[in-house]
Structures are given as C-alpha cells and as structure tokens.
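A short worksheet on the structure shown next.
Number of protein chains: 2
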Amino acid sequence: MTYLYDDPARFKDDVIGGFAAAYARYASRVPRASGFVRNGGPRKGKVSLVVGGGSGHYPSYAGIVGRGLADACVLGDVFTSPSAEQVYRVARAADGGAGVVLAFGNYAGDRLNFAAAQERLIAGGTDTRIVYVTDDIASASPEEKDKRRGIAGTATVYKIGGAAADSGYDLDGVERVMAAANAATYSYGVAFGGCTLPGRKEPLFTVADGQMEFGLGIHGEPGVRSAAWMPAADLAAELVGALLKERPSDADGRVAVIVNGLGATKYEELLVLYGHVDRLLREAGLTLVLPEVGELVTSLDMAGCSVSLTWLDDELETLWSAPVDTASFRRGDPSSFPSYEPVARADADDDPEVGEAASTPVSRQAAVTARQVLSAMNDAVVANEEQLGRIDAVAGDGDHGMGMVRGMKAALTAAQAAEHGGVGSVLRAAGDAFGDRAGGTSGILWGILLTSVGVSLGDTEAVTPERLAAAVRHGAETVQRIGKAQIGDKTLLDALFPFVTSFEGAVAQGRPVAQAWADAAAEAVRAAAATADLVARMGRARPLAERSLGTPDPGAVSMGIVLTAAAEVLKASDTCNN
Amino acid sequence: MTYLYDDPARFKDDVIGGFAAAYARYASRVPRASGFVRNGGPRKGKVSLVVGGGSGHYPSYAGIVGRGLADACVLGDVFTSPSAEQVYRVARAADGGAGVVLAFGNYAGDRLNFAAAQERLIAGGTDTRIVYVTDDIASASPEEKDKRRGIAGTATVYKIGGAAADSGYDLDGVERVMAAANAATYSYGVAFGGCTLPGRKEPLFTVADGQMEFGLGIHGEPGVRSAAWMPAADLAAELVGALLKERPSDADGRVAVIVNGLGATKYEELLVLYGHVDRLLREAGLTLVLPEVGELVTSLDMAGCSVSLTWLDDELETLWSAPVDTASFRRGDPSSFPSYEPVARADADDDPEVGEAASTPVSRQAAVTARQVLSAMNDAVVANEEQLGRIDAVAGDGDHGMGMVRGMKAALTAAQAAEHGGVGSVLRAAGDAFGDRAGGTSGILWGILLTSVGVSLGDTEAVTPERLAAAVRHGAETVQRIGKAQIGDKTLLDALFPFVTSFEGAVAQGRPVAQAWADAAAEAVRAAAATADLVARMGRARPLAERSLGTPDPGAVSMGIVLTAAAEVLKASDTCNN
C-alpha cells in the first residue's frame, strides 16, 4: 500500500516539491516543468544527459541527477511517460550547447514523447540523440533485444553515460558509449507481489500465495512465467543461469552487477540473494566490478528483485567506476572530473515559443477561440464516452472513451489556466496536459497533435486560414512521423489525414474557414466510419493491434467527433469567419 | 513478506555473507564473529566506534561501516541483540588502542550484552564507553528520556560520533559529543503495517484498515496510539508538532532532519511527507542542515516512517556535515580526514582467551565434562519445558521453557562443535550460542553466566574445586551486575546465589566437588520454590514484571533444575571427584 499522500492526482507534483526541498544541494526545479536540472548546469561545451520516465521509480530519476550522472530529469505521473512538452522544456533548460542525450527505458509512451521532444529540440537547433534501454531479457527474445523493456539495467547505462558526459565526451561519444552499455546490459527479475497506486486499495496485480513470477515489469505488469517459491540459492541459479546464457561472444569476463530491489523486498533479502549471485558469477570465471545491492529502480511498494549484468570492456569499466555524486548514488571523488563554465539556463519562461508576455492581442484573441473549440471538443467526448468505449471494447480494452474524456478535460483546464497566453501557448499547454493525463498511445498522440499545432501557430501572428491549414498539416505529419503508423493502419490518422487534405483544398480555393472546416470534419467522420472495412496492418505504433473487420477504429471515430464539434464553434466565431 | 532466504535460522549469516561479498571495498568480516571491521582499521591513536544491534535494520549497521562513520558493526539475529561474546570479539578486532565506544539503540537486550562486553573489554585493558540512543519520543515521557527507545535518530548520533572519531577526538570527546547528539535528537514515527520475519507467513502485527499507529517500534512492536489514516499534510503536522514541543531551551534553531522509511513505505511517499515537514520547520523559524530522506534504519518490510530532528550547535553541525563514505551513506570527500597509521587487528583467533591451540590436555579433559554437563542440562530443560512454560504463563508470556530449550540446545551444539577447545573456550562458545538463540532477558543472562564462567576457567589450568567455586561466584556476580537485579527480585539470582554460597562453603570445608555441587543444587531448588512467597520488587532488569504471590519465578526454577542435572553428571565424572 501507499500511505503517504495528499491528493492522489497531485502525487507527482508533491513528490517533486519534496525532492526540491530536501535536495536543493543537488538539483533545482525547472520552472513550469516536472523536472530538475543539476546545480551549476548547464555547462558550456558539456553534453547534457537528460533521463526520465514515470514517477514511482525513485531514486530514478530525481535521485540520480548530479555530478557524474544525469544533468536533468523529467518526471511523468506515476508509471506514466512525461509528455513531449515536459521533456522538451527540461531538455532545453539542461542544454549547454554541446547537445543533449535523452535516455529512458523502452516503453511505447516514453518512446513517443521523447521522440516528439527530440524533433522539437532539433528544430530549435539543439543536436539531440535518443538512447532507450532494453535490458529485460524476459520481455523479448535475444534476436529482438531492441524490443525489450528497460528495467534496473537503466541504472548502469545512465551511470556510464553520465560519466562519459562529465569526462568530456562529445555528443557522438556519449551516444556511442551509452548504446554500447545498453547492448552489454542484461537484467532478469522476479515478482512476489504488485504495488498499489496512491489512493488505491488494491495492488495492480497479485501473485498467488507460495508462487512467484519471473520477468517482472516495473509498472505493475505481472511476470511472464509463474513458478513455485524457491529458496534464494535456487532463485539465484535461475536468474544467473538465464543471464549467462546471453553472455556476448566478445565479453572478456568483467561485469558490473546490480541486485535491485523493487520496493518491499528489502536490503537483507537482497544481500542473501547477492551472496549466491556473487558465488555463481565467480564460479563462471567472471570478475565482478563494484557491485551494487540496493534500490536503484523501484516500483512503489512492489515486492520483487532483479539481477543486472553489464559486460564491461576497458572503456565501460572506467566509466562504471568513475565518481558520481547525486542524492541517491555516490561514489568516489567527483572533483576529479573536468570543470566546465556554467552557461545561463534557458528556462521555459525564456522560451520565445512559450513566453506569455510576448503574445500579441491578435494571438490572444485566437486563443479565446481555441479555448472555445477545446470546450466544445470536451463536451463532445463526454457525450460520446460510452459509445467510444463500446467500439474500443470490440478489439481493445474499452477505455478509449474514458481516456479521451480525461485528456480533453485536462487540456481544457490547462487552456483555461493559460489565460494570458497567445494561441500557441494555449494549445501547447492543452497538448501537454492531454499527453500527461489521457494515458495510452492515442492520448500521447493527441498531446503531440495539439502541441505541434500550437508550436506552428505561435503567440504573435494572426491565425490566417493558410496558417491554420499549414498548422494542422504539420500536426498530422508530426503525429504520423512520431507514431510511425501508416494511413490505413486503422488509427486516428485515417480520419485526420482526410480532414487535413479536404481543409487545405478548401482553404486554397478561398472558401470561408468555418465552412471549410465543417466540410473537412464531415469528411473525417465518413473516413472514420470507413475504417470498419479495414483490417489493421499492425502498424509499428500498435504492434499488438488485431482490429476486427466490421468495427471502426475508435481513435478515428473520436477524431471525427471532435473535429465536428470544433466546426460548430468556428461557425459562431468572428476570428475564423473571414 | 520476506521472500528471499534459504534456511530462516541462518538468515543473519547469509546476510553477512552477502554483504561481505558485495562490499569488500568498505569492510571485512571479523573471523568467528557476526560483524565487520572497516577496511584499513583499526588505526593507531584513533578512537573506534562500534555500532550494533539485531539484523533487519539495514543499512544499519553493516551499511554504515566506513570512513567518517563506524569502525565496526556487530549483528545479532533478526531483531535480536548480538551476544556479549560477539560484541566483545568485534570490539577487540576494531580496537586500535585509543579506546572504543559501543553504540546502540536503547533496548534491554542490547544494554545487557553491550554492558557485559564492556566489562570484559575494560578487564582486558581496552577503555570502553557506552552510548545508547534514546530518540523515540513516543516511548517514554520527556522526564524519562533515558528510558526512550532508539529508532532512526541512531543514524544521526552515529554519524556525529563517527565524524568525531575520524576527526581525531579522544575517547572522552567522542563519548561526550555522542551523548550531546543523543540528548539533542528526537524522533516520532507512525506505523501502517508490520513486517514479516523470514520464513513466517504472518506479520508481527497488523494495523486495521484505514488506521495508523503513532509511536512505531522497529522490531515489530505495534504503535502506542491508533488514529484514523490522515493525509500527508496532517500527518506531518502531527509529527512535527510533537517534536517541536520538545525543542530544547538552548537550541538556536539549526536542525538536522531525517525522514526515514521503515521498508515498504517508499521514497516518493517520504518525499511527499518531507515537503510538509520542511515547510513546517521553516515556518517555525528553523534552519535545516543537510536533510536526508530515505531508508537509514529499516525494519524488514514494515510499512511506516519517522521524522527525526537533531538540534545542532556549532560542533554538532560541523560533525553532521562532515564527509562520510560507507556502503549506504556517503557525503563529501572523506580524504579530508586526518589519516592514521593502521595497526595489526586483534581477531578472535589471536585472542589468548579463545585460542584453541593454546589449550592444555587437562583443560580439554575438563571440557569433556563441561559438554556432558551441558548435555544433561539440555535433557533436563527439554523434560521440563512444558512445566516451565506453565509457571511462566501465570505472570509472564509463557515462553520461558521454550527459550531455555532453544538456548540450551544451541549451547550444547556450540560446545560440541568446539571439539578441540579447552573448558574456557567451550563454555564461552556455549554462552555465546545461548545468548544468541534463547531470546529474552533470561537467555541473555544465561549466556553471560556461561561465558563468564568460561572466561574465569580459561583454557590452560586444571579445574580445581576452588577455581570452579570462584568461577561460578564470578559468573553470578557478573550476571547480577549486568542485569542490575537484586536478590529477592524474583529472578534466577534467587536460586543462583544460594547455590554459589552453599557450593563455596562446602568446597572450603574440603568436601568432594560432586557432593558439594549436589547439595548446593538442592539448596537452589529449595530457594527457587521459595520464590513463590516473594513479591517481585520490580528490579531494573525486569521493569515490567508483576509477579503474582504464590507462583515461583520460572527463571529460578529452571536454574534449580539445570544445576541438579549437572550434579548427576559430576557424580559420574572422574575430573571433579577429587
């Protein structure tokens, strides 16, 4: 159980507030973002390592911000990826001009959001690389290592990357060595019991009495294989045996070892297990380098543990052994790192894309319309929540309506809160909130869509029909590029692109915006209905989708519904009736 | 639940083995003892800080051995004090010649065992001081701070003492500053759920759904006051409010703050609580110095947390802020401490009192008799287990028979394992095992009794009747002095002292040892029966005893039983029939 909280919906924010108060000696908050930047950073000429993911994994990620490790971290809600907007803001605040590496565990939501942030950072002139960690051997075969999840091996990969960045590696070098560390890192874990989210009474999963589950997830996912409880000696043999089977052919026998506890499996237990792990690895002829036994990547109060091996070469060993000084992970004397000249930090407030102060009256007027549009969209998804759930339940988990309502409500609230912003700021705030709160892939893509449109429209220029058309085109293409789905994959794109094409065409013909939008929305609704005739081609964004013939895609349907709701507002609006 | 273990009875040993394997870079095992000495120690001219207590509290105590903190730690079984013998062995191994401070939380068992070890260390020429920590404000009134238990505030007191010792303070100075730190340290905690011992299915206690208990213990004791669950903000106000009520009059407003998790109450929760604690303390005008939020003193997988404040002056602030480098607690650069020349470590093997190699044939022959005596004593307590339990159940918890059986069995096993030892080594091994395994005050005192007799008899000289009489006299007086009970307090002393007096008198009159022992044992049995007529005077060793008139003291009865069993062996033995 989780017992210490106030409003469960604000848990992440309260955690961030507590960390900021306790560990001001290590890091400070990024204004208007759920994240921290290392004290004294960013620094001139130093690559910045930005790590992140959902909350609930402390000391990952705030606890590992500091010298020799991360320059910054960005935190989502519990077990939820931070939004692309949040990643973008934190990375900008951490950028010292030598480039940024965004690092995270391999989960669909994180990949989407960090990729969207990467695009914007690159567009803004910051060379940005992505390293996602794939250490969990239980989650995919050795041939598909790239599809494996990131669990406690993230700690080693980040440590090695952080040491490289602080040692003066350039961006290519940090990216290369982190990729090498990830390729060399293998973890295997076991779950004894699930964790309980703040405010909930029941754990996310349970393990039957006397049983355990191999292949733990760190977000409340159950294991992949059940087994009867076994003594620590036998468990160690299972875990180590599986890890040694994947020993890389070029490994010379040096390994970094982590025995990680998930939360409720405590230190003495981990030490008992480590005793066996240590013996088995030595019996296999290996040399153990600075093992760590403790809690590096937790999952609230989950019961379970994992063993991680990173096969070291000279370079990786040097970096694994390098000093580090963070709130949770300290080793050696970090003053041995070269020092860098600090540079002024680009906080969100300084961001020309965000600054409310820089908005013009004409953009603020457009923002009023944008809020009305979001309000109408919200009404529409609330009215259709049950229907969307029913459609989604045919081939999915039936939560699409609920997710859209959660996202739209959050987007509307955020848009209303940004009361002095131009239209760009308002839509970015809405997209940020949508991506944060809706959950699921479609929530993330909706967040990216709203944010991209906001970035395109900006806070100064008037929203002409041509600029609006270009903005929705840009948004749709961003969603497609980040989501990696194709038209015809039975996704929201199947409604969005027909809308964009129709709207662009009508605008080019000089038709009134409201009419153009209404006609395009009708086109989207027709296209959404037509997805019933498609068989999903299992696009990369939805690797597990098995959509049945005869049922339309719920994401496409909700897209049609909200675009139609927007049309009603535009008809009544002066701004767009020119 | 505890899930990772092999044989639950060997849990402590397996933990120690795992720590030794994982953290050889910080500490190494003391041979034949459950403890660790810091690498490179002991050092010439440096006071040694030895901390210890039961297992189940990691990172206390092995995790805090290292530069700037403890020189050594000694570990008992889960939630059980280490035996006096173990404390003695570890402290000897840590002694660099400048004196030793033994530090522990204020629990009856720890006080008895550490006091017994202190006696022997002083007798052996090592100036030894004791500091026990009394930070838990829930466990006694402010007027009785000396009776309070030690919980997470131990972390601050040890940290300050360790910094003083590494900074070059002399023994008086380290003792003084640790006493000052303890006087300045106040903790208050709350429990949400009990922990589960290795191998058990049920927790040591449960907290009703929706409830919490203020005043947690760290050994599975329930709280002292139940309350309905409350949000973190309200809980922080309760905890901080109670702590601020005890602000010392001379405190200038600087405080070290620890928010400590007991095991299953995780980091993000602790950070949420810390956010409120921080705010409340600042609102009270305080200056917070290097707060720590995490797990410093755990209780297996117990759910709960505590807040500790240490009111700092210049000296305490300097020491709290000083560098430290241990497996679990690191801060700053410890190379700033003065360096000391290492001295050869006195391990148990080098101990002239222990060395089996140094035993003489005559002493080894006496050891054979000692083993036979222990075997007969074991048979006797097994035969009387139920009866002893019944007597104990009248006014106690009914476990006296079980404890005696556990202790005697362990003592016998240890005596048999010391197959090449003289009588002194055999009895010391027996006493060590008895104290470790029996549990409870009488188990500890039995351990001290056997060990003291063994120390007196040694491994070289013949066991003459006079030496035997002097040894049991020394043993009885040691038990009385350490246990702080008086004759007539309804304890095992009420049978032991009549035995000693009778035996001494008979020996002085030149009567055969076996007969003298048998008569004295009969005296002990009569005296034990007569305790039925005593009303316990609530001796300090048994502060909670309320023995009813008409029931004999179970400890005195079992003393009579085992002394009688020994008489049977002596009658048949050549060694003592001279």
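Top line first, the protein sequences correspond to chains X and C.
Residue numbering for the first sequence follows the working numbering, beginning at 1 and increasing consecutively.
Residue numbering for the second sequence follows the working numbering, beginning at 579 and increasing consecutively.
Ideal placement from N, C-alpha and C gives every residue a C-beta, glycine not left out.
- Using beta-carbon distances, Y58 (chain X) counts as an interface residue toward chain C, with a partner under 8 Å.
- Relative to F597 (chain C), the option among C:V615, C:T580 and C:E893 whose CA is nearest is C:V615.
- Of all alpha-carbon atoms in X:V207, X:P142 and X:G422, the one lying nearest the alpha-carbon of L244 (chain X) is that of X:P142.
- Scanning chain X for C-beta atoms nearer than 8 Å to the C-beta of E753 (chain C) yields nothing, as the closest lies near 29 Å away.
- Considering only C:D856, C:V1103, C:G767 and C:L1071, the residue with the shortest C-alpha distance to S804 (chain C) is C:G767.
- In this structure I391 (chain X) does not touch A84 (chain X) by the C-beta definition: roughly 27 Å separates them, more than the 8 Å allowed.
- Chain order gives the chain C residues near R330 (chain X) as R908, where near means a beta carbon separation below 7 Å.
- Under the Cβ distance rule, F214 (chain X) does not count among the residues neighbouring chain C, no pair being separated by less than 8 Å.
- When secondary structure is reduced to three states using DSSP, M808 (chain C) falls in the coil class, being assigned neither helix nor strand.
- Residue environment: Q1087 (chain C) is assigned as exposed (fewer than 16 neighbouring CB atoms within 10 Å of its CB, all protein chains considered).
- In chain order, F589, K590, G632, S633, G634, L775, P776 and L878 place their CB closer than 8 Å to the CB of V656 (chain C), counting only its own chain and leaving out the 5 sequence neighbours on each side.
- Here P554 (chain X) has L388, I391, D392 and H400 as same chain residues with Cβ atoms under 6 Å from its own Cβ, once five neighbours each way along the sequence are excluded.
- Within 10 angstroms of the beta-carbon of K844 (chain C) lie 16 or more other beta-carbons, which makes it buried.
- The alpha-carbon of A759 (chain C) is positioned some 15 Å away from that of S827 (chain C).
- For secondary structure counted as the alpha helix (DSSP H) over 4 or more consecutive residues, the stretch 584-669 of chain C holds these complete runs in sequence order: 589-600.
- Spatial neighbours of R908 (chain C) in its own chain (CB-CB distance under 8 Å, excluding positions within 5 residues in sequence) are listed in chain order as V902.
- Taking 8 Å as the cut-off, the Cβ atoms of L817 (chain C) and G798 (chain C) do not count as close.
- Secondary structure note for I122 (chain X): its alpha helix (DSSP H) is the uninterrupted segment A108 to A123.
- Annotation: the stretch 1047-1118 of chain C contains the following complete segments of the alpha helix (DSSP H) (minimum length 4 residues), in chain order: 1071-1086 and 1091-1108.
- Annotation: T126 (chain X) is outside any beta strand (DSSP E) and is labelled neither H nor E by DSSP.
- At a C-beta separation below 7 Å, G632 (chain C) has no neighbours in chain X, since its nearest C-beta there lies roughly 11 Å away.
- Nearest to S573 (chain X) by C-alpha distance, out of X:I561, X:R526, X:A236 and X:P512, is X:P512.
- DSSP places S953 (chain C) within a helical segment (H, G or I) once states are collapsed to three.
- Per DSSP, the unbroken alpha helix (DSSP H) holding Y274 (chain X) starts and ends at Y267 to E283.
- Counting C-beta pairs with one atom in each stretch, the stretch 736-744 of chain C and the stretch 892-901 of chain C have three or more that are closer than 8 Å, which means they touch.
- Residue state for S1034 (chain C) is assigned as helix, using DSSP reduced to three classes.
- Straight through space, the alpha carbons of D705 (chain C) and A762 (chain C) are spaced by roughly 25 Å.
- In the three-state scheme derived from DSSP, where H, G and I count as helix and E and B as strand, R1045 (chain C) is classed as helix.
- Listed along chain X, the residues sitting closer than 7 Å to A810 (chain C) by beta-carbon distance are L4, Y5 and D6.
- By the criterion of at least three beta-carbon pairs nearer than 8 Å, the stretch 870-884 of chain C is in contact with the stretch 829-840 of chain C.
- Contact check for G675 (chain C) against K725 (chain C) fails: the beta carbons are separated by 8 Å or more.
- Look at the stretch 752-779 of chain C: the residues with a C-beta under 9 Å from a C-beta of chain X are V768, F770, G771, C773, P776 and K779.
- Take L1028 (chain C), set aside five residues on each side of it, and the residues of its chain with a beta-carbon closer than 7 Å to its own are A989, L1005, A1008, G1009 and F1012, in chain order.
- Under the three-pair Cβ rule at 8 Å, the stretch 97-107 of chain X does not count as touching the stretch 366-373 of chain X.
- About 23 Å separates the beta carbon of G109 (chain X) from that of D71 (chain X), a gap too long to meet the 8 Å contact definition.
- Counting of Cβ neighbours within 10 angstroms places K201 (chain X) among the exposed residues, the total staying below 16.
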